[in-house]
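**Q**
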Amino acid sequence: MPIYRYKAVNPAGKNVRGQVISYNDEAAERRLTSLGLEIVWIIDISNDIINHFLLWLQRVKSRDLVVFSRQFSLLISSNVGVVEALVTVQDQTENLKMKTILAEVTYEVDSGTLLSDALHKRGGKVFSAFFINVIHAGETSGKLDEVLNYLADEMEKDYDLTSKFKSAMIYPTIVLVGLVGVGFIMMLFVMPQLTAILQETGAELPVATKIVIWAVDFLNKYIVGIIIFVVLFFVGFRLFIKSSFGRLKIDYFKLHIPVIGKLFSLVYLIRFCRAFSTLLRGGVSLTRSLEISGDIVRNKIYQNLITRTIEQINEGSSVSSVFITSHEIPKMIPQMMAIGEKTGNLDTVLEKISVFYGRELAAKLGNLGVIIEPLIMIILAVGVGIMAAAIILPMYNVATSF
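Per full-length UniProt numbering, the sequence shown starts with residue 1, numbered consecutively.
Encoded structure:
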């Protein structure tokens, strides 16, 4: 769809510049005029190579989808038409990639296409199957405003959940990378000079010092080979995790890492319960809701469990009867789900489960810093101790011997 750059005068008499996406020149001018702008000039930049490159670089982030969902749900709840709501949200969107997608969706919806179908054409990396199916359920049930409002709430919760988890992981990651980086620089540039001084003295060196000298010599002699090995290792690791077997092993490992594994498990369970509840509430079938929720979890261990659950549901089993046999699912979840299945309130029960585990995750994330900070101090102390035993102490002994 064409992209136009413009200069105009706003109602306050100030010059403004920007970009607008529309079907053609006339539609772009009408859009700007409807916003109260007096156009000075407008040009088509659709064939601009730089603009194409910048558009290609840009990505639609989770936050963009959260903002879109909230704004769109508010407009629809206020009885604004779907096309008009899409146009309004498009005008408020700063992300050019998202703006382009919304312009294309608006054009198709205005031409008679269902919103869910227009979104489905741009699915995958932009709109998830969960997002599209919830909107489709709202369209078919005639409750698009209610479904959109609930979808926006759930997407905000999921975004907050992911943000909190990432924030908790940032501190230990930065410290770990910093330690490795400092150690690497020390081994390459500082340690060779110190070890050379120690070797020149001819004094008997401690075992720890000899090990450090050997490590420094090895690193400096084979640095190119080590770099090549590391690059090949990461390439091989990437290929490994892309295979079904590799993905399964990595996902299993993530769930069983001490301390952090429990956090991963809680994130997956909360995300699954929220998605499953939202889809059921929107009128999506049980098996289809399970399938989409499994894709959202993005962990092979849970995905395999959900696939097995769908197969057994088709044979007459219930979700809870399959989940109760899994070692990765806390027993409370299938027990509560069984009650929901009997009463016909499975969506409500799933929502309560997600709230309960959401509180548990928040508490564990809060305690994570208390656990990690002493651990980091211990690692630093061990590093300093090794340095003192291997280099500083021998240097001191040599200095005091003269």
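Note that beta-carbon positions come from the ideal geometry of N, C-alpha and C, so glycine has one too.
When the distance is taken between beta carbons, is glycine 340 closer than 7 Å to isoleucine 270?
**A** no
**Q** Assign residue 469 to buried or exposed, taking buried as 16 or more other Cβ atoms, counted over all protein chains shown, within 10 Å of its Cβ.
**A** Examination of residue 469 is not possible in this model, given that the chain is present from 1 through 402 alone.
**Q** DSSP puts isoleucine 135 in a beta bridge; with which residues?
**A** Listed as beta-bridge partners of isoleucine 135 by DSSP are no residues whatsoever.
**Q** Thinking C-beta only, is methionine 155 closer than 7 Å to residue 411?
**A** Residue 411 cannot be examined here, being either before or after the span of the chain that is shown, 1 to 402.
**Q** I need the straight-line Cα distance from residue 442 to valine 216, nearest angstrom please.
**A** Limits of the chain in this structure are 1 at one end and 402 at the other, which puts residue 442 out of reach.
**Q** Does chain D have any CB closer than 7 Å to the CB of lysine 143?
**A** No chain D appears in this structure, which consists of one protein chain only.
**Q** If you draw a straight line from the alpha carbon of arginine 63 to that of tyrosine 159, how long is it in whole angstroms?
**A** 7 Å
**Q** Does the beta-carbon of isoleucine 226 have 16 or more other beta-carbons within 10 angstroms, so that it is buried, or is it exposed?
**A** Exposed, because fewer than 16 other Cβ atoms sit within 10 Å of the Cβ of isoleucine 226.
**Q** Out of Ile391, Leu279 and Phe272, state which residue places its alpha-carbon closest to the alpha-carbon of valine 355.
**A** Phe272
**Q** For the alpha helix (DSSP H) that glutamine 90 lies in, which residues bound it at each end?
**A** 82 to 92
**Q** DSSP on asparagine 15, reduced to helix/strand/coil?
**A** strand
**Q** Return the first residue and the last residue of the beta strand (DSSP E) that glutamate 38 is part of.
**A** 38 to 44
**Q** Round the Cβ separation of arginine 247 and lysine 210 to the nearest angstrom and send it over; I've been treating them as touching at under 8 Å.
**A** With a Cβ gap of about 43 Å, arginine 247 and lysine 210 do not count as contacting.
**Q** Cα separation between lysine 221 and proline 192?
**A** 11 Å
**Q** Which first and last residues belong to the beta strand (DSSP E) in which valine 190 is found?
**A** First-last for valine 190: undefined, no H or E at that position.
**Q** Just to confirm, is the Cβ distance from leucine 114 to glutamate 139 under 7 Å?
**A** yes
**Q** Considering only their Cβ atoms, is the gap separating isoleucine 376 from valine 105 smaller than 7 Å?
**A** no
**Q** I need the DSSP call for lysine 7, collapsed to helix, strand or coil.
**A** strand
**Q** If you count every other CB in all the chains shown that lies within 10 Å of the CB of phenylalanine 184, and 16 or more means buried, which is it?
**A** exposed
**Q** With a Cβ-Cβ cutoff of 7 Å, do phenylalanine 130 and isoleucine 292 count as a contact?
**A** yes
**Q** How about alanine 254 and phenylalanine 264: do their beta carbons lie closer than 7 Å?
**A** Note that residue 254 is lysine in the sequence shown, not alanine. Their beta carbons are under 7 Å apart, which means lysine 254 touches phenylalanine 264 by this criterion.
**Q** Take proline 172 and list the residues in its own chain whose beta-carbon comes closer than 6 Å to its own, dropping the five residues that flank it on each side.
**A** Ile372
**Q** How about methionine 337 and serine 320: do their beta carbons lie closer than 7 Å?
**A** yes
**Q** Using a Cβ-Cβ cut-off of 8 Å (strictly less than) and excluding sequence neighbours within five positions of asparagine 15, which residues of its own chain qualify?
**A** Lys7, Ala8, Val9 and Val40
**Q** Can you tell me the Cα-Cα spacing of alanine 28 and leucine 102, whole angstroms?
**A** 15 Å
**Q** If you drop the 5 nearest sequence neighbours on each side, which residues of the same chain put their C-beta closer than 7 Å to that of alanine 85?
**A** Phe72, Leu75 and Ile76
**Q** Does the beta-carbon of threonine 307, which I'm using as the reference point, lie nearer than 6 Å to any heavy atom of the ligand HEM?
**A** Ligands displayed in this structure: none; no statement on the ligand HEM is therefore possible.
**Q** Excluding sequence positions up to five away, which residues of its chain have a Cβ less than 7 Å from the Cβ of valine 109?
**A** Val82, Val83, Leu86, Leu115 and Ala118
**Q** Between the C-alpha atoms of valine 126 and valine 190, what's the straight-line distance to the nearest angstrom?
**A** 48 Å
**Q** Using only alpha-carbon positions, find the residue among Lys97, Gly36 and Val180 that is nearest to glycine 383.
**A** Val180
**Q** I need the straight-line Cα distance from phenylalanine 218 to alanine 208, nearest angstrom please.
**A** 15 Å
**Q** Evaluate leucine 151 with the Cβ neighbour count: other Cβ atoms within 10 Å of its Cβ, from every protein chain shown; 16 or more gives buried, anything less gives exposed.
**A** Buried, because 16 or more other Cβ atoms sit within 10 Å of the Cβ of leucine 151.
**Q** Please state the DSSP three-state secondary structure of isoleucine 227.
**A** helix
**Q** Applying the criterion that 16 or more other CB atoms from any shown protein chain within 10 Å of the CB defines a buried residue, is histidine 136 buried or exposed?
**A** buried
**Q** Does DSSP put valine 20 in a helix, a strand or coil?
**A** strand
**Q** In angstroms, rounded to a whole number, what distance separates the CA positions of leucine 239 and phenylalanine 233?
**A** 10 Å
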